[in-house]
Each structure stands twice: as structure tokens, then as C-alpha cells.
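Chemist: Please find one structure pasted underneath; my questions will follow.
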Amino acid sequence: MDGFGPSSYGDAFADVYDRWYGDLPGLADTLDGAERLAMSGPVLELACGTGRVALPLAARVGEVHALDSSQAMLDRLHAKAAGCNGTVVTHLGDMARFTLTDAPPFALVFVAFNSLFNLATAEAQSGCFQAVARHLAPGGRFAVECVVPGDPPPNRHDAIELHTLAANRVVLRVSRQDPSEQTLAGQHVEITEAGIRLRPWFLRYSTVEQLDAMATGAGLELAVRWADWSGRRFDADAVGHVSVYQLPPGTVR
Ligand SMILES: C[S@@+](CC[C@H](N)C(=O)[O-])C[C@H]1O[C@@H](n2cnc3c(N)ncnc32)[C@H](O)[C@@H]1O
0 MDGFGPSSYG DAFADVYDRW YGDLPGLADT LDGAERLAMS GPVLELACGT GRVALPLAAR
60 VGEVHALDSS QAMLDRLHAK AAGCNGTVVT HLGDMARFTL TDAPPFALVF VAFNSLFNLA
120 TAEAQSGCFQ AVARHLAPGG RFAVECVVPG DPPPNRHDAI ELHTLAANRV VLRVSRQDPS
180 EQTLAGQHVE ITEAGIRLRP WFLRYSTVEQ LDAMATGAGL ELAVRWADWS GRRFDADAVG
240 HVSVYQLPPG TVR
């Protein structure tokens, strides 16, 4: 999508993110799963947004590092952090290519709610796996929560759906899926009497096999794949997955 960069999504959605997505189901399972995987070690969340996960996780484990490419998203997180227990150490950066010099090696790095797919190309997603591998402590894990892509339409597919209908505004979700590129480009178009506000988004979805190959390329191996953060068994009917990768034992870096 022309003009769309790493901070475009966050900068466009920061003002509505908590209202639209703040109470996604399954948060308690996400917190339980992340806490279990971290085993009391240092934690980094990638694409942390407004701190939907990072803030309550910090209240449980004491400190969480959290990276996002949008200062507007991190500003929202900081505004909410004042009233929370625990510390969230934020980092402004691109998860496709980050180096955190003032951070410990992590026992757990995770990326929730399909956020890895915000990286627009397979190369950028592979870059993320490689950056994560460089930041893991021995035995550390990388947990990736994504949807399992459904059967793609045979050709390019355009759609307009109604997102919000109120007396004083309407929000339309306009999207274009390109199955050959595995991309979904869209806009949330908010129309009010004051004018039109565009909120662009762009996703590159990957299959579990493609993610596993990216992990292998970064020197990581699949430790376990669940259907969700509760640890439910992953099978052919699963619509989502939490894949946990780790450095093979004995890896020297
Ligand atoms: C859908 S939101 C999800 C936020 C959070 N993971 C959650 O579960 O609520 C996607 C987030 O990814 C961030 N993001 C997009 N591209 C990024 C990149 N290249 N590096 C780091 N963060 C990115 C956006 O700024 C936004 O905060």
C-alpha cells in the first residue's frame, strides 16, 4: 500500500484502539501462558500497542519490556501505566530489525494478536525471527500468536463491511485480499458530519509451515504449538495458534 510504513497502523489507530480492541477475549489465558513460558525470567513483548497485554503482565511479573514502532501507541501505554503495578520499559523500534542494547537477554519474547502479520513481507517477518534469536537467553522462547490463514479466494477479493453504525457516525471496513501475495490491505473509513477519517492497515499472513521455516532460518526450532494461549491442542480444525520456538539446547551464539 503506497505510503504505508511501520508506524502507519499505530499512528492511525492509537486513539480508538482501546475502545475497539481493549477487551478482546482470552486476555487471562494470554497472561497465564506468557507468565508460565517466562519462568520468572525477563520478558519482551513485540508490537505491544497500548499495553493491552504488557501492562497486566507487568503487574504479575514485575517488569516487562515492550517494543512498538508507533510513538502514539506507546504514549497511550504510558498514560495508562501511571495507575498500574509493575514496570513496562518501552522501546520505540521496528520489530523486523531491532537491537536493544540496554536490555537483558530474554527468557520470553512474544508477539500477540496476529501482530507479526503487521510486517508487510516474508523478508520482514524472517528479520523479526532473526532479531528475536539474537535477544534470547539460553533456553529462551519466542511465542507467536496468529490466525491460521483460511482458504484464500481464487482471485483478488474486495470487500466493504459495516464496522460501526451510530446516529452521528459510520465506520466502514474496506479491504482488498491478494491471495498470490498473501496480503490483506484495508482502511477503516470513519464518516462523521465533521468529515472523513482514514485509518489504513496492511497485513501479510503466513502459514504455520512458513513461520516454522522462518524460525529454522533464524536457528530456532518449534518447541510446541497450541491452538491458543490456554494450551488447547492444535489440530486441523484450529483457527489460530500459539507457536513456541526456542534455541536448540547447546546453541552457542
Ligand atoms: C493490532 S495492534 C496489536 C497490539 C498488541 N499486540 C495487542 O495485542 O493489543 C498492532 C501493533 O503492531 C504495531 N506495529 C506495526 N508494525 C510494527 C513494526 N514494524 N514494529 C513494531 N511494531 C509494529 C502497531 O503500532 C500496533 O501497536
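In terms of numbering that gives the first Met the number 0, the sequence shown opens at residue 0 and continues consecutively. From the three backbone atoms N, C-alpha and C, an ideal C-beta is built for every residue, glycine too.
Are there 16 or more other CB atoms within 10 angstroms of the CB of A63, so buried, or fewer, so exposed?
Modeler: For clarity, residue 63 is Val in the given sequence; the question names Ala instead. Per the 10 Å Cβ criterion, buried.
Chemist: Nearest CA to the CA of V147: which residue from N113, S68, L246?
Modeler: N113
Chemist: Short of 6 angstroms in beta carbon distance, which residues of its chain neighbour Y204, apart from the five on each side in sequence? Order them along the chain.
Modeler: F116, P148, Q181
Chemist: When you measure from the CB of N167 to every non-hydrogen atom of ligand 1, does any distance come out below 7 angstroms?
Modeler: no
Chemist: Do M72 and ligand 1 come close, with the Cβ less than 7 angstroms from some heavy atom?
Modeler: yes
Chemist: Where does S179 fall in DSSP's three states?
Modeler: coil
Chemist: Within 10 angstroms of its Cβ, does A46 collect 16 or more other Cβ (buried), or is it exposed?
Modeler: It is buried - the Cβ of A46 has at least 16 other Cβ atoms within 10 Å.
Chemist: In the DSSP assignment, what residue or residues form a beta bridge with Y244?
Modeler: F141, L221
Chemist: What residue range does the beta strand (DSSP E) around A106 cover?
Modeler: 105-110
Chemist: Smallest Cα separation from E44: which of A78, V88, E220?
Modeler: V88
Chemist: Hey, out of S7, L246, A226, T250, whose CA is closest to E144's CA?
Modeler: A226
Chemist: Please list the terminal residues of the continuous beta strand (DSSP E) segment that includes L26.
Modeler: Taken as a continuous stretch (DSSP letters only), L26 belongs to no beta strand (DSSP E), being part of the alpha helix (DSSP H) at 26-37.
Chemist: Determine, using beta carbons only, whether Q129 and A212 come nearer to each other than 8 angstroms.
Modeler: no
Chemist: Do you know offhand how far R231's Cα is from P24's?
Modeler: 15 angstroms
Chemist: With a threshold of 16 other CB atoms inside 10 Å of the CB of Y8, please say whether the residue is buried or exposed.
Modeler: buried
Chemist: Let me know the secondary structure DSSP gives R59 once reduced to three states.
Modeler: helix
Chemist: Does the region 85-102 touch the region 54-70, meaning 3 or more C-beta pairs lie closer than 8 angstroms?
Modeler: yes
Chemist: How many Å lie between S242 and A132 at the Cα?
Modeler: Separation of S242 and A132 (C-alpha to C-alpha, rounded to the nearest whole angstrom) is 15 angstroms.
Chemist: With ligand 1 as the reference, list in chain order each residue whose Cβ lies under 5 angstroms from any of its heavy atoms.
Modeler: P5, Y8, G9, A46, G48, R51, D67, S68, S69, M72, D93, M94, A111, F112, S114, N117
Chemist: Which residue's Cα is closest to the Cα of A184: R18, D28, P199?
Modeler: P199
Chemist: In angstroms, rounded to a whole number, what distance separates the CA positions of V223 and E122?
Modeler: 24 angstroms
Chemist: Just grab the DSSP bridge partners of L161 for me.
Modeler: L171
Chemist: With 16 other CB atoms within 10 Å as the buried threshold, where does H162 fall?
Modeler: exposed
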